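Report on the structure given below.
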Amino acid sequence: MFLLRITFLLFFTCNVFALEISFNSAKTDDNKFSAIHLIDKKPFLCESQKDTFNETIEIICAFSQSPSQRVKPLKDDFFTLTSKVQGKTYFIIIRPREKMKLFPMIFNLQKEDKFFQSSVVMSKRWMIVGYKDKMPLINTSSTPAQGINLPIIMSKEMLPYVGGLDIKGNPIHFSKVQDVSDYIRIKEYYKDKEYVKALNLVNDTLKDYPKSVFKSELLIYRIRALFKLRKYEDVISDSKTFIRYFSADDAIPEILVYLATSYSKLSQFNDSDYFFDRLFSEYPNSYFTHLGYIYKAEQYYTKGDMKKSLHYYKKALYETDNIDLAAKASFKLAEYYLDKKRVKKAIPFVNKILKAKSDYFYENHKNSLAMAQKFSDEKEYKTSALIYEALLNAMGDKAEEYQEMLRDAGLNMAKSDDKDKAIDLLNNYLKNYKYGMYRVEIQKAKDGLFFDNKDENISTKLDDYDKLMEEYNGDSIADIALFKKAELLYKQKKYQEVLDLKFALNKLDEETFKGRDKLIFNSAVDETIRVLKQKKCSQALELADEYKIKLSSEFDEEFFSCALKVGNFDLALSIAKLHVNDKNIKNRISWLIKYLHVEFNLGNYKSVIKAAKDIKSLSSVENSGDYKTVLRELFDSYQRLDSSDMMIKTIIEIEKAYGLEYKDIERYTQMVTLASELKDNSMIVSYATKVMKLQSRYKSYTQSPYIEFTLFGAYKELNKIQDAIETLLTLDFVNITKSERARQEYQLGSLYQDENDNIKAKEYYERSIKSDSSSPWSSLSKDALDFL
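So the numbering used here is basically just the index in the sequence shown, starting at one, shifted up by 316.
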């Protein structure tokens, strides 16, 4: 006889309209399980959603009647139960924390001696069983005649079972299998980085199967593909759709990171910050939160806030337990310190990658090559060589670039202090490429390690000079070696290396080495020109300042741009002033525009206005459109000088020149403020309407709710009550504070009361109180309700 011991642990029930929901928890021997019963007076639909392994990932039950109140989220060891209303349909969603199975309760065991699995989709009663490994109480083997007939025998399992067939004998719902096949293909396309194919197949599948059970997964892959293809506006649109319809989905953190990053890539930083903050606060330990830290760091890097950029890169590195993310963060930190010429600080982050995930360099092949070259340029040859070596190990010796990169690894290591490793790499090249195109170069490098190469090449000469300087330190021979080394470096256009020897050269006797000062100064001039052409502005300006270098006027454009880039406005102004009276009118206009820009940054707004007038006059002579390029700075100058009449005139010119552009939204807002100060309601309506139009067009509400409240006031004073109402109602779709919401609803109540619509007025007064009971608007609403 088979003995089954069942212990009931918990029973919970609640009622929503005619629906009854109960939770039961029990044990069979040592195996715990749970059951949810859903019972209604009318048949309702329940459906299991399964993954590619036929595991139930979600059960959705739908009811035609909406409840008087929604069921709060419930959970135990096996389930999470949530609900939502969409249109006129009420949904209950059950997701497993272990495993689960859905059963329609259509059998009466008091009248029937057995039951079997049924394919019905409508029933008045459903049961969901949650379990860990093995389904409780059900077995496919027969039981002895004696004793209680448990586990229950599933009749269908005792005979061959085909399932439902249609009138032609074909399996029912066969056509729906295609969306499963498409889903698998989409995953494969995405894995193979064929993002366009993945995107096209997602779109086709959603079109052919709009009610596919994989709809949420398909949307996720569409968002992923769009993000990889840098179609950020489409990412934003699809992500918002996903959040709206699948707000409880486990993929929400991933969607949030794509949404926030897409806003960042489009320079819509306020929206980006909102979704980053939501991701970080709601999912603090998620993989995608740590990935979000990296994208947030990139945003701050783009904005020039290096301190915050570093903070988020380090936060990603030290908080994640994901090796790939840690490698990515380390790589970004190494790039940052390299760009800032803080090479020693970059090296430990490279070492972290080499130790934990060296193949990351190959996964980021192009950027890794650039990094290796930068380390080499900064004379950190060993680190450069180690990066090349990591790339070599990952790509294999059959790769097209292998020979060239093996050469780079060997040559860089040869310049380091690790001579043994250099020999290994150089010998590896000589062994594998007996007729390689770099064989001579490699052989010379190898010979040079032993100082037995007698050829008069540059490397040998420099090494010889260094040996002489060390061996004869303090003697005239060492001085001559130092000077000749500096001369040789200058001939090789290694000007910075000459400057690195400046302090030692200055100790040489000036009479003996008469070309000393000229050699140092010429090196400084040529190095300044070199870095200036490479747009290395900080270096160029520092050299020019240190050595008091005055280059010819042909370099003024580059110097001006560099001065502006590093924020040295005084220098930029002094350069611009040299050209504002240029005889060539086109050149004069160009420099006047540069001059105006600098004066604006220095806060010399009267000078800005004067320069703008000159530009306008000269532009009319040349019949050019240059004047419009300074209109925005001209407007801002008038605004800072409180010149209201000229603000009005200039904003009209801006709109005429550029049309209605989002970059002018704050200027239109300033016009609303000016109109408020002038108590000009018509002007308020004109410019506030423009601001609202821009916000709606770009889905960015940076000026809300100030602009709506101001426009509402103007409409009210103009007795355009309906327009005032419609203006306030637009705030329903804007994220504002509780107090601001209470204010909006109070003012709507007041407007409806003015319109003698006391029902609407009462509704909005009550909503105002509910939104923020502690705000003064709530108090006003209470007083208004008392009056009503």
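Glycine included, every Cβ here is placed at the ideal spot set by N, Cα and C. The structure presented is a predicted model; accordingly, all values stated were derived computationally and were not measured.
Practice task
Verify whether the separation of the beta carbon atoms of Met711 and Tyr678 is less than 7 angstroms.
Solution key: yes
Practice task
Would you mind sorting Thr405 into buried or exposed? The rule is 16 or more other CB atoms within 10 Å of its CB.
Solution key: exposed
Exercise for the section: Could you check which residue in Ala662, Ser350, Tyr1014, Phe543 has the C-alpha nearest to that of Lys979? Expected result: Tyr1014
Handout entry: DSSP-derived helix/strand/coil call for Lys348
Key = strand
Handout entry: Residue burial classification, Val988 (beta-carbon count within 10 angstroms, cutoff 16)
Key = buried
Problem - Close Cβ partners of Lys448 (< 6 angstroms) along its chain, the five nearest in sequence each way excluded - result: In chain order, Glu414 place their CB closer than 6 angstroms to the CB of Lys448, counting only its own chain and leaving out the 5 sequence neighbours on each side.
Practice task
Mind the definition here: the segment 579-588 touches the segment 620-639 only if three or more C-beta pairs lie below 8 angstroms; say whether that holds.
Solution key: Contact check between the segment 579-588 and the segment 620-639: fewer than three CB pairs, one atom from each, fall below 8 angstroms, which does not count as touching.
Problem - Outcome for Lys801 when other beta-carbon atoms lying within 10 angstroms are tallied against a minimum of 16 - result: buried
Handout entry: Residue interval of the beta strand (DSSP E) (run including Phe562)
Key = Looking at the DSSP string, Phe562 is not in any beta strand (DSSP E), and its letter there is neither H nor E.
Exercise for the section: Return the CA-CA distance between Met443 and Asn601, expressed in angstroms with no decimal places. Expected result: 34 angstroms
Practice task
Work out the CA separation of Lys507 and Lys835 for me, nearest whole Å.
Solution key: Residue identity differs from the one stated: residue 835 is Leu in this sequence, not Lys. Roughly 58 angstroms separates the two Cα atoms.
Problem - Backbone CA spacing between Ala1115 and Gln812 [nearest angstrom] - result: Absent from the structure is residue 1115, since the part of the chain shown begins at 317 and ends at 1104.
Handout entry: Option in Ala820, Ile981, Lys995 with minimal Cα separation from Met785
Key = Minimum Cα distance to Met785 is reached at Ala820.
Exercise for the section: Determine the burial state of Met729: buried for a count of at least 16 other Cβ atoms within 10 Å of its Cβ, exposed for fewer. Expected result: buried
Exercise for the section: Report yes if the C-beta of Val1050 is less than 6 angstroms from at least one heavy atom of the ligand GTP; otherwise report no. Expected result: In the structure shown, the ligand GTP is absent, as is every other ligand, since no ligand is present at all.
Handout entry: Reference Lys777, options Leu798, Ile758, Glu757, Lys922, closest by Cα
Key = Leu798
Practice task
Under the assumption that Met963 contacts Tyr974 (Cβ atoms under 8 angstroms), give the Cβ distance between them as a whole number of angstroms.
Solution key: Incorrect: roughly 16 angstroms between the Cβ atoms, too far for contact.
Handout entry: Cutoff 7 angstroms; reference Ala927; Cβ partners in own chain excluding five residues on either side
Key = Leu908, Tyr911, Leu912, Glu915
Practice task
Can you tell me which of Lys1036, Thr1053, Arg1057, Ile1052 puts its alpha carbon nearest to the alpha carbon of Tyr1068?
Solution key: For Tyr1068, the nearest C-alpha among the options comes from Lys1036.
Practice task
Measure the beta-carbon distance from His606 to Thr636 and round it to whole angstroms, keeping in mind my assumption that it falls under 8 angstroms.
Solution key: 4 angstroms
Handout entry: Cα-Cα separation between Lys810 and Asn838, rounded to whole angstroms
Key = If I take the Cα positions, the gap works out to 12 angstroms.
Handout entry: Per-residue DSSP class, three states only, for Ser998
Key = DSSP places Ser998 in helix when its eight states are reduced to three.
Handout entry: For Lys1098 and Tyr653, the rounded distance between their alpha carbons
Key = 60 angstroms
Handout entry: Range of the contiguous beta strand (DSSP E) that encloses Arg411
Key = 405-412
Handout entry: C-beta contact flag for Ser1084 and Tyr1062 at 7 angstroms
Key = yes
Problem - Cβ-Cβ distance between Thr990 and Ser960 below 7 angstroms - result: Contrary to the premise, residue 990 reads as Leu rather than Thr in this sequence. Contact flag set, yes.
Handout entry: Closest by C-alpha distance to Ile410, when choosing among Ser338, Lys893, Asn939, Ser382
Key = Ser338
Practice task
Would you identify the three-state DSSP class for Val573, choosing helix, strand or coil?
Solution key: helix
Exercise for the section: Helix, strand or coil for Ile865, going by three-state DSSP, please let me know. Expected result: coil
Practice task
Would you grab the beta carbon distance between Leu534 and Val512 for me? Rounded to a whole angstrom, and I think it's under 8 angstroms.
Solution key: The Cβ separation is near 16 angstroms, so there is no contact.
Handout entry: Reduced DSSP category for Asp356 - H, G, I as helix; E, B as strand; rest coil
Key = strand
Exercise for the section: Round the Cβ separation of Ser992 and Ile1000 to the nearest angstrom and send it over; I've been treating them as touching at under 8 angstroms. Expected result: With a Cβ gap of about 6 angstroms, Ser992 and Ile1000 count as contacting.
Exercise for the section: Would you mind reading off the limits of the alpha helix (DSSP H) that contains Leu397? Expected result: Counting along the chain, Leu397 falls outside any alpha helix (DSSP H), though it belongs to the beta strand (DSSP E) covering 395-402.
Exercise for the section: Find out if the Cβ-Cβ distance for the pair Met421, Leu361 is shorter than 7 angstroms. Expected result: no
Handout entry: Burial state of Thr844, where buried means 16 or more other Cβ atoms lie within 10 Å
Key = buried
Exercise for the section: Return the residue from the list Glu694, Leu727, Lys695, Asp693 that minimises the CA-CA distance to Glu705. Expected result: Leu727
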